[in-house]
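Enquirer: Residue numbers (the working numbering), protein chains in the order written: chain V, 1 to 451; chain F, 1 to 545.
Sharing a structure below in structure tokens format, with a few things to ask.
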């Protein structure tokens with residue numbers, strides 16, 4: 001473990017750390033002024049590209065590469081959308097950044113807009129964050145007053161307006177094209193791709209959608225340099241030409257059954273065990289972990305024996321999880337029922353499925369009703385096969401849905417049943433001693449008894 | 001030419017054609033099942049029924065690289081070398097799962113559902129579904145909800161393909177329908193106080209692949225498997241939309257749009273869709289009658305007695321009466337077909353070589369009304385003004401309007417008039433009819449009684465649009481030939497049959513034979529020669545050629 005001093009979270013605990021004065025006293029906005037004075041947008045793109053920064057929103061797509069997908073010499077407008085619809089269960093890193101250091105985010109937004117030649121940025125904030133809303137709006141007002149936003153910023157000729165938009169609280173609005181639809185005033189149904197937002201996004205114009213933490217990282221790269229950023233984290237795997245590496249600091253949201261839950265900044269690549277033991281004070285009440293969610297509920301489950309997996313962009317995938325996701329680590333202790341966990345997870349996804357694609361709309365709801373029946377003591381072993389089938393066939397990866405929400409709903413189901421099948425079977429046999437072995441379909445229609 | 005490989009079969013597509021996999025596969029005779037995709041609407045790729053496997057064949061090496069997952073056929077365009085696999089196990093399993101998913105919350109109330117028999121959910125389930133229902137869920141009751149004056153929504157039958165929502169947004173431009181709620185609880189609905197009440201609303205019923213949207217006009221009237229359909233043309237306005245008249249035992253039950261890229265695409269308006277009820281109106285005139293005595297003025301002491309005349313006698317006596325009366329004026333109704341108009345003119349000329357021929361009354365209502373999707377409802381409420389005008393031109397009577405005819409009669413230049421009408425509603429008032437009061441003979445051929453009809457010496461029944469065969473030319477010079485769907489009410493001769501017999505022609509009335517004659521009679525009708533495609537021909541294009 002490399003020695004590490006928090007950077008993204010340096011304002012946490014600083015009195016009035018969210019104000020522009022405090023931010024500037026820590027060196028903030030100086031890199032922006034230098035950039036505007038002497039650099040070209042291409043320089044900023046190059047800086048972010050060479051830093052190896054990957055999007056912090058969940059998918060881990062290289063940020064600089066995403067920016068280069070914008071059409072060249074587009075007459076504009078080009079839009080930057082900041083995804084602050086942080087709704088993955090267990091995730092709260094964006095909230096910390098927005099509440100305690102909003103100017104760091106705004107500097108990142110200005111730098112990113114400059115790089116992408118966007119003159120309008122929309123910050124899409126989830127409804128449940130009133131404090132973030134007040135802090136961000138205050139910071140935006142301060143930035144306008146200080147001349148960092150508005151027309152002809154610092155005499156550079158570059159203009160930028162930032163609009164803070166408060167969503168109406170739906171998980172699907174965090175999907176980038178769902179977010180775009182919602183911003184346009186429509187139902188947040190994710191769009192089909194292609195065209196990707198970089199070609200045709202918000203208001204059918206080229207659009208980049210980036211996460212709050214990504215913006216903070218951009219600000220820090222501009223301040224501390226590419227070399228600093230690349231000195232942190234996990235380099236690319238030379239054996240895998242498609243691995244761009246996992247560089248930089250990352251905010252890990254640690255919650256669940258740990259002694260000290262919280263948002264901790266660490267170098268990418270810290271193992272789950274280290275995170276729990278060093279930052280979280282270990283599993284609570286002296287118990288052992290049964291399972292750990294590596295990065296938000298939709299990423300699936302790691303078992304206790306998989307806790308030494310590094311939490312970088314490539315790590316969780318190696319143990320069958322969907323990915324690093326939002327790096328929201330939720331610890332489940334050994335006294336918790338995985339059946340309960342999966343039921344809770346299914347309830348969330350059945351509630352949040354947008355209902356556009358058939359497999360996800362019906363699959364999430366069906367799986368919830370199966371789990372409700374299992375919990376009611378009427379489970380059958382055959383149900384596990386159905387759940388597993390739903391888990392493996394639902395999602396963008398098998399191609400059966402438009403967006404990744406379905407993959408997120410499928411992964412905990414798939415992981416839980418594959419990794420904890422014994423516990424499910426025990427539960428079903430224990431609660432339904434007379435019917436667990438039945439393989440006939442559960443009668444769905446009330447057959448009218450004739451004669 | 002680009003080549004697309006569908007299940008191993010190579011098919012060529014046009015160099016400029018932009019097809020998706022569903023369309024390309026159809027060329028190869030492979031039907032990819034789909035719900036949400038419709039060629040006239042935007043692509044949402046949400047039902048996931050059309051998932052297929054695709055790949056790309058390298059032009060140089062011939063090596064095929066497959067996409068490692070399923071893709072929606074509707075959303076995937078084909079290009080040269082595109083490989084489409086529609087029958088792999090992966091695809092079949094995927095279809096079976098989508099069918100299973102769609103039926104989880106479906107009430108499965110086919111026995112009382114109007115859509116049964118023409119329901120994609122049924123058809124695809126038989127073809128692609130699995131025999132066993134694994135879902136342990138009690139399907140819920142079929143709730144229904146009124147969403148507008150024409151449509152009832154059966155909420156739980158809906159599979160959320162959103163075709164109807166997209167139609168009201170993209171084609172009608174009125175956007176009444178929307179999706180409410182989320183996930184498996186979502187429903188189609190309207191905002192309170194804003195019902196589905198646009199002039200194209202009935203199309204959402206056609207678009208609905210399942211029984212969720214019911215046409216109130218058709219609901220519970222007839223099982224669809226009893227219906228027979230005839231390719232027909234709507235007579236409601238001069239747009240001349242292609243339709244299917246669906247009927248059983250000489251009764252029309254509903255009209256459906258018939259796809260015609262040159263005229264109406266996939267749509268028809270509600271006015272046309274529900275504009276068939278007059279065919280079965282009890283008030284229709286069914287008997288050919290003649291006033292027994294010479295008619296006097298209105299109000300001179302009661303209506304003279306009338307006598308019913310056999311159709312075979314009409315052929316002879318009508319000619320004799322008109323010949324005896326003297327100078328003849330004839331109104332050629334724009335409700336008649338080109339063939340009928342052409343024969344009527346010939347009959348008139350054979351009675352009185354100097355007969356005054358003019359276009360019949362042209363009913364209009366408001367102004368043309370266009371919709372965002374390109375559909376237009378015409379103000380001119382008759383199907384064949386253009387065709388009749390061209391026929392009149394053949395008889396050197398081009399440009400003569402109804403007003404000219406009224407003025408001609410009012411000026412005392414005619415002793416007899418033969419007014420063909422056939423309008424589905426009231427069209428002439430007493431004041432206008434007065435101009436015809438002094439004629440020696442007045443023949444009126446119409447569907448319903450009217451002030452003019454009351455003056456007539458000869459009252460002849462007319463036939464409606466589904467009861468006649470022939471050709472209509474719409475406002476854009478597009479000619480479509482059609483055959484009669486139902487027989488007229490017992491005893492009624494369609495106009496064409498009467499004219500045919502009055503011309504002394506042998507055998508049954510043969511509109512196709514007449515059309516061939518019309519085609520040779522004028523360059524304007526040259527395009528009508530031979531077989532016409534089901535979608536019709538443009539008269540002008542052929543003139544240019």
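Glycine included, C-beta positions come from ideal geometry on N, C-alpha and C.
No experiment lies behind these values; they were computed from the predicted model shown.
Alpha carbon to alpha carbon, how far is residue 47 of chain F from residue 238 of chain V? Give it in angstroms, no decimals.
Expert: Roughly 41 Å between the two C-alpha positions.
Enquirer: Are residue 47 of chain V and residue 297 of chain V closer than 9 Å when you measure CB to CB?
Expert: Taking 9 Å as the Cβ cut-off, residue 47 of chain V and residue 297 of chain V do not qualify as a contacting pair.
Enquirer: Give the list of continuous beta strand (DSSP E) stretches no shorter than 3 residues that lie fully inside the stretch 177–247 of chain V.
Expert: As far as the stretch 177–247 of chain V is concerned, its whole beta strand (DSSP E) runs of at least 3 residues are 207–211.
Enquirer: Strictly below 7 Å CB to CB, what residues from chain F border residue 351 of chain V?
Expert: Ordered by position in chain F, the residues that pass the 7 Å Cβ test against residue 351 of chain V are 183.
Enquirer: Mind checking the stretch 355–376 of chain V against chain F and listing, in chain order, the residues whose C-beta falls within less than 8 Å of any C-beta there?
Expert: The residues in question are 355, 356, 357, 358, 359, 361, 362, 363, 364, 365, 366, 369, 370 and 373.
Enquirer: As a quick exercise: from F/26, F/290 and F/321, pick the residue whose alpha carbon is nearest that of residue 309 of chain F.
Expert: It is F/290 whose Cα lies nearest to the Cα of residue 309 of chain F.
Enquirer: Does the Cβ of residue 4 of chain F lie closer than 8 Å to at least one heavy atom of the ligand GDP?
Expert: Among the components of this structure there are no ligands whatsoever, and the ligand GDP is therefore not found.
Enquirer: Using a Cβ-Cβ cut-off of less than 8 Å, list which residues of the stretch 21–44 of chain F approach chain V; keep chain order.
Expert: Against chain V - using a Cβ distance shorter than 8 Å - the residues of the stretch 21–44 of chain F are 43 and 44.
Enquirer: Beta-carbon of residue 297 of chain V versus every beta-carbon of chain F: anything under 9 Å?
Expert: No, because no Cβ of chain F sits closer than 9 Å to the Cβ of residue 297 of chain V.
Enquirer: Using a C-beta to C-beta distance shorter than 9 Å, which residues of chain F count as neighbours of residue 393 of chain V?
Expert: Those within 9 Å of residue 393 of chain V in chain F are 93, 94 and 97.
Enquirer: Could you work out which residues of chain V lie near residue 101 of chain F, taking near to mean beta carbons separated by less than 8 Å?
Expert: Simply 358, 359, 361, 362, 363 and 366.
Enquirer: Report the start-end ranges of each beta strand (DSSP E) in the stretch 58–95 of chain F that is 3 residues or longer and not cut off at the edges.
Expert: You should have 64–66 and 82–85.
Enquirer: Taking all protein chains shown into account, decide if residue 525 of chain F is buried (16 or more other Cβ within 10 angstroms of its Cβ) or exposed.
Expert: When all chains shown are included, residue 525 of chain F counts as buried.
Enquirer: Could you spell out where the beta strand (DSSP E) holding residue 80 of chain V opens and where it closes?
Expert: Element bounds for residue 80 of chain V: 79–84.
Enquirer: So is residue 507 of chain F buried or exposed if we call it buried at 16+ other beta carbons inside 10 Å?
Expert: Classification for residue 507 of chain F: exposed.
Enquirer: Taking buried to mean at least 16 other C-beta atoms within 10 Å of its own C-beta, is residue 402 of chain F buried or exposed?
Expert: Residue 402 of chain F comes out buried.
Enquirer: By the three-class DSSP mapping on this structure, what secondary structure does residue 298 of chain F have?
Expert: Residue placement at residue 298 of chain F is flagged as unreliable, the pLDDT there being 46, under the threshold of 50; the coordinate-derived value follows with that caveat. Reduced to three states, the DSSP call for residue 298 of chain F is coil.
Enquirer: From the DSSP output, in three-state form, read off residue 72 of chain V for me.
Expert: Looking at residue 72 of chain V - three-state DSSP - the assignment turns out to be coil, as it is neither helix nor strand.
Enquirer: In three-state terms, what does DSSP make of residue 171 of chain F?
Expert: Coil at residue 171 of chain F, not helix or strand.
Enquirer: Can you give me the start and stop residues for the beta strand (DSSP E) that residue 262 of chain V sits inside?
Expert: From DSSP, the beta strand (DSSP E) with residue 262 of chain V extends over 262–267.
Enquirer: Return the bridge partner residues of residue 189 of chain F from the DSSP annotation.
Expert: F/178, per the DSSP bridge assignment.
Enquirer: Ignoring anything shorter than 4 residues or poking outside the stretch 99–170 of chain V, list the alpha helix (DSSP H) runs there in chain order.
Expert: Listed in chain order, the complete alpha helix (DSSP H) runs (minimum 4 residues) inside the stretch 99–170 of chain V are 102–116 and 130–145.
Enquirer: Would residue 399 of chain V count as contacting chain C if we go by Cβ distances under 9 Å?
Expert: Of the protein chains in the structure, V and F, none is chain C.
Enquirer: Taking only the alpha-carbon atoms, compute the straight-line gap between residue 382 of chain V and residue 414 of chain V and give it to the nearest angstrom.
Expert: Roughly 15 Å between the two C-alpha positions.
Enquirer: Considering Cα atoms alone, identify which of F/489, F/474, F/233 and F/430 is closest to residue 447 of chain F.
Expert: Closest option to residue 447 of chain F, Cα to Cα, is F/489.
Enquirer: Could you give the DSSP three-state label for residue 154 of chain F: helix, strand or coil?
Expert: It is a strand residue.
Enquirer: Applying the 10 Å Cβ sphere with the 16-neighbour rule, what's the burial state of residue 218 of chain F?
Expert: Buried: at least 16 other Cβ atoms inside 10 Å.
Enquirer: Can you grab the Cα-Cα spacing for the pair residue 7 of chain V / residue 249 of chain V, in whole Å?
Expert: Taking the straight line from one Cα to the other gives about 8 Å.
Enquirer: Strictly below 7 Å CB to CB, what residues from chain F border residue 195 of chain V?
Expert: The premise fails here: residue 195 of chain V is roughly 11 Å from chain F at the closest Cβ pair, so nothing lies under 7 Å.
Enquirer: With a threshold of 8 Å on Cβ separation, who are the neighbours of residue 433 of chain F within its own chain once the five nearest residues in sequence on each side are excluded?
Expert: Within the same chain, residue 433 of chain F has close Cβ partners 450, 451, 452, 454 and 455.
Enquirer: Between residue 46 of chain F and chain V, is there a C-beta pair that is closer than 9 Å?
Expert: Yes, its Cβ sits closer than 9 Å to a Cβ of chain V.
Enquirer: Note the first and the last residue of the continuous alpha helix (DSSP H) segment covering residue 497 of chain F.
Expert: Element bounds for residue 497 of chain F: 495–502.
Enquirer: Closer than 9 Å by beta-carbon distance: list the chain V residues that pair up with residue 69 of chain F, in chain order.
Expert: The answer, in chain order, is 396, 397, 398, 399 and 400.
Enquirer: Measuring alpha carbon to alpha carbon, tell me which of F/163, F/86 and F/541 ends up nearest residue 266 of chain F.
Expert: That would be F/163, whose Cα lies nearest to the Cα of residue 266 of chain F.
Enquirer: Between the stretch 160–192 of chain F and chain V, which residues of the former have a C-beta closer than 7 Å to a C-beta of the latter?
Expert: From the stretch 160–192 of chain F, only 160, 179, 182, 183, 184 and 186 have a Cβ closer than 7 Å to chain V.
Enquirer: Can you tell me whether residue 130 of chain F is helix, strand or coil according to DSSP?
Expert: Reduced to three states, the DSSP call for residue 130 of chain F is coil.
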